[in-house]
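K.L.:
2 protein chains.
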Amino acid sequence: MKNVGVLLSGCGVYDGSEIHEAVVTLLALERNGASTVCIAPDIPQHHVVNHLTGQPTDETRNVLVESARIARGEIMDITHVRTADLDALVIPGGFGAAKNLSDFAIKGKDAEVHPGVRRLITEMADAKKPIGALCISPAMLAKVLEDRHPQVTIGNELGTAEAIEAMGGGHAVCEADSIHVDTDNRLVTTPAYMIGTSICEVAAGIEKLVKKILEMA
Amino acid sequence: MKNVGVLLSGCGVYDGSEIHEAVVTLLALERNGASTVCIAPDIPQHHVVNHLTGQPTDETRNVLVESARIARGEIMDITHVRTADLDALVIPGGFGAAKNLSDFAIKGKDAEVHPGVRRLITEMADAKKPIGALCISPAMLAKVLEDRHPQVTIGNELGTAEAIEAMGGGHAVCEADSIHVDTDNRLVTTPAYMIGTSICEVAAGIEKLVKKILEMA
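Those sequence lines, one after another, are chains A and B. With the working numbering applied, the first sequence closes on residue 217, and no number is skipped along the way. With the working numbering applied, the second sequence closes on residue 434, and no number is skipped along the way.
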């Protein structure tokens, strides 16, 4: 049985992991015979957003603790994750990938990526293990793997696509229900809710991504 | 297109809606051609549980605001929901159903159900519109519809099943990947994570529930 890490960034599209993307990823992985291990860094969230109003609040929350909601309590601190124990890694989207796992939402091409996330992505890529990334998360792959010129999806937002290219990557045009495969770097990406307008459409892309990742693992 | 309400109770299995159950419900509804409207009451949560440790914290959170995380911001206050606009209702599980939508987790058979939830369930039942309930949520159906002797699943926890029967309902034995249909009361229930041990197993039951609910609507 293949063991796949699912890297979370909180719990909610505006300040954490996009919940539909995370759950559909877990379901697709298990339906295709993989075991899963949820992973997150033990750090404060960049901020907390009221998802009813879309406005930031004055609360503080922790990425690992909030991610544990999606994981039903079964989650690993990224510090303790050994690349040797994983056959593949999938990173769902949501602004948490660009605010907590990295600061791409604030700094664009000059983003810094959390050191634990940087380590895991680099080690997976070095070990030729496949990495899947959804929605805005491919921006982190573009940053961490910038010397390898990764080709990834990001949706059709011009500024984001330009930032990917400024980091040395390539932006692949792709529909929400489809995937792009960077064979050289063993990356599979899908735009998900960057452009998707329904959970069905997004799920179709994620299911293709998961099948491809497991085929490559 | 059939329009189905999905009644949420927060965001996280220990103090709100069970996230996998809620997302799989939304996906199954849309894949089967329904439109969905997420619904929650605008009330404080009973408490907030740290999902990493399982321990309550001293935070306060609001059920509508946290449910909006699962709904990606598109959610209605239950006060404004008109039964006439819904063809069916589905209530995912999670402790929120027994701590926020009702106090079944504290009072068992003597539980009170939030007045807005009580109104919606009663009106749906009076209008002969189907109601689906997952996991612990059927306990609310048993309480609100106690004069109609509903037959529902609840999993194999003896105390919970006894409370259902003390309220005048009947406990139907059922596997997590299956459903029970109370034809008279037009209720469809599945144990989900009350007994399910994987997202695949739980999703199988939810997908059957959704198909049945839409067939009845």
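Using N, Cα and C, we set each Cβ at its ideal position, and we do this for glycine too.
Measuring only between beta-carbons, confirm whether A:E207 sits less than 8 Å from chain B.
P.N.:
Chain B, which has no Cβ nearer than 8 Å to the Cβ of A:E207, makes this no.
K.L.:
For A:D58 and B:H388, I'd like the C-alpha separation in whole angstroms.
P.N.:
Rounded to whole angstroms, A:D58 to B:H388 spans 45 Å at the Cα level.
K.L.:
Under the rule that 16 or more other beta-carbon atoms within 10 Å means buried, what is A:H80, buried or exposed?
P.N.:
When all chains shown are included, A:H80 counts as exposed.
K.L.:
Enumerate in chain order the residues of its own chain whose CB-to-CB distance from B:K429 is below 7 Å, with the five nearest sequence positions on each side excluded.
P.N.:
Hits under 7 Å: I396, V398 and V405.
K.L.:
Between the Cα of B:G233 and those of B:A257, B:L244, B:L246 and B:R248, spot the shortest distance and give me the residue it belongs to.
P.N.:
For B:G233, the nearest C-alpha among the options comes from B:A257.
K.L.:
Quick one: list the residues of chain A neighbouring B:E247, beta-carbon separation under 8 Å, in chain order.
P.N.:
Near B:E247 (Cβ distances below 8 Å), the residues of chain A are S198, I199 and C200.
K.L.:
How about A:A111 and A:K143: do their beta carbons lie closer than 8 Å?
P.N.:
A contact, by the Cβ cut-off of 8 Å.
K.L.:
Is A:V24 near B:L244, with beta carbons less than 8 Å apart?
P.N.:
It is a contact, given that the beta carbons lie within the stated cut-off.
K.L.:
Give the secondary structure of A:N85 by DSSP, where H, G and I count as helix, E and B as strand, and everything else as coil.
P.N.:
One point to set straight first is that residue 85 of chain A is Asp, not Asn, in the sequence displayed. It is helical.
K.L.:
Please report how far the alpha carbon of B:E238 lies from the alpha carbon of A:D126, in whole angstroms.
P.N.:
Roughly 36 Å between the two C-alpha positions.
K.L.:
When you compare only the Cα positions, how much space is there between A:L158 and A:I195?
P.N.:
Computed Cα separation, rounded: 12 Å.
K.L.:
Using a C-beta to C-beta distance shorter than 8 Å, which residues of chain B count as neighbours of A:N50?
P.N.:
Within chain B, the residues near A:N50 are V282 and A285.
K.L.:
Reducing DSSP to helix, strand and coil, say where B:C352 ends up.
P.N.:
Here B:C352 sits in coil by DSSP.
K.L.:
Could you give the first and the last residue of the continuous beta strand (DSSP E) run that contains A:S35?
P.N.:
It spans S35 to A40 - the beta strand (DSSP E) in which A:S35 sits, taken as one unbroken run.
K.L.:
Return yes when the Cβ of A:G93 is within less than 8 Å of the Cβ of A:A192, no when it is not.
P.N.:
Yes, they are a contact pair.
K.L.:
Mind pulling the chain A residues with CB within less than 8 Å of B:C228?
P.N.:
Ordered by position in chain A, the residues that pass the 8 Å Cβ test against B:C228 are C11, G12, I19 and R69.
K.L.:
Please state whether DSSP places A:T190 in a helix, a strand or coil.
P.N.:
Here A:T190 sits in strand by DSSP.
K.L.:
Suppose you measure from the CA of A:I206 to the CA of A:G132; what does that come to, to the nearest Å?
P.N.:
Going by the C-alpha atoms only, they are around 9 Å apart.
K.L.:
Could you pull out every residue in the same chain whose Cβ sits closer than 8 Å to the Cβ of A:T83, ignoring the five residues on either side in sequence?
P.N.:
So the list reads L120, E123, M124, A127 and K129, once near-sequence residues are dropped.
K.L.:
Compare the C-beta of A:V4 with all C-beta atoms of chain B and state if any pair is closer than 8 Å.
P.N.:
It does not; no Cβ of chain B falls within 8 Å.
K.L.:
Would you mind working out which of A:C174, A:S102 and A:V48 sits nearest A:C141, comparing C-alpha positions?
P.N.:
Going by the sequence as given, residue 141 of chain A is Leu instead of Cys. Comparing Cα-Cα distances from A:L141 to each of A:C174, A:S102 and A:V48, the minimum goes to A:S102.
K.L.:
Alpha carbon to alpha carbon, how far is A:P150 from A:P44?
P.N.:
Taking the straight line from one Cα to the other gives about 29 Å.
K.L.:
By alpha-carbon positions, which one of A:C11, A:D184, A:H51 and A:M76 ends up nearest to A:R61?
P.N.:
The option with the nearest alpha carbon to A:R61 is A:C11.
K.L.:
Hey, does A:I39 have any beta-carbon neighbour from chain B nearer than 8 Å?
P.N.:
For A:I39, the answer is no, since every Cβ of chain B falls outside 8 Å of its Cβ.
K.L.:
Count the other CB atoms, across all protein chains shown, that sit within 10 Å of the CB of A:I106; report buried if there are 16 or more and exposed otherwise.
P.N.:
Label assigned to A:I106: exposed.
K.L.:
Along chain B, in chain order, which residues have C-beta atoms closer than 9 Å to that of A:V24?
P.N.:
The answer, in chain order, is V240, V241 and L244.
K.L.:
Spell out whether any CB of chain A is found under 8 Å from the CB atom of B:A420.
P.N.:
Closer than 8 Å: yes.
K.L.:
For chain B, check one thing: does any of its Cβ atoms lie closer than 8 Å to the Cβ of A:I195?
P.N.:
Chain B, which has no Cβ nearer than 8 Å to the Cβ of A:I195, makes this no.
K.L.:
Suppose contacts are defined by Cβ-Cβ distances below 8 Å. Is A:D77 in contact with A:L64 by that definition?
P.N.:
Yes, these two residues count as a Cβ contact at 8 Å.
K.L.:
Should B:T159 and B:V223 be called a contact, given that it needs their Cβ atoms to be closer than 8 Å?
P.N.:
No answer is possible for residue 159 of chain B: it lies beyond the span of chain B, which begins at 218 and ends at 434.
K.L.:
Do A:H46 and A:K2 have their C-beta atoms within less than 8 Å of each other?
P.N.:
Against a cut-off of 8 Å, the Cβ pair of A:K2 and A:H46 comes out as no contact.
K.L.:
Buried or exposed for A:V90, please, with buried defined as at least 16 other CB atoms from any protein chain shown within 10 angstroms of its CB.
P.N.:
Buried.
K.L.:
If we count the other Cβ atoms within 10 Å of its Cβ and call it buried at 16 or more, is B:G250 buried or exposed?
P.N.:
With fewer than 16 other Cβ atoms within 10 Å, it is exposed.
K.L.:
With a cut-off of 8 Å on the beta carbons, I'd call A:S67 and A:S9 a contact; round off their distance for me.
P.N.:
Yes, they are in contact, since the Cβ atoms of A:S67 and A:S9 sit about 7 Å apart, within 8 Å.
K.L.:
Determine the DSSP secondary structure at A:G170, reduced to helix, strand or coil.
P.N.:
DSSP places A:G170 in strand when its eight states are reduced to three.
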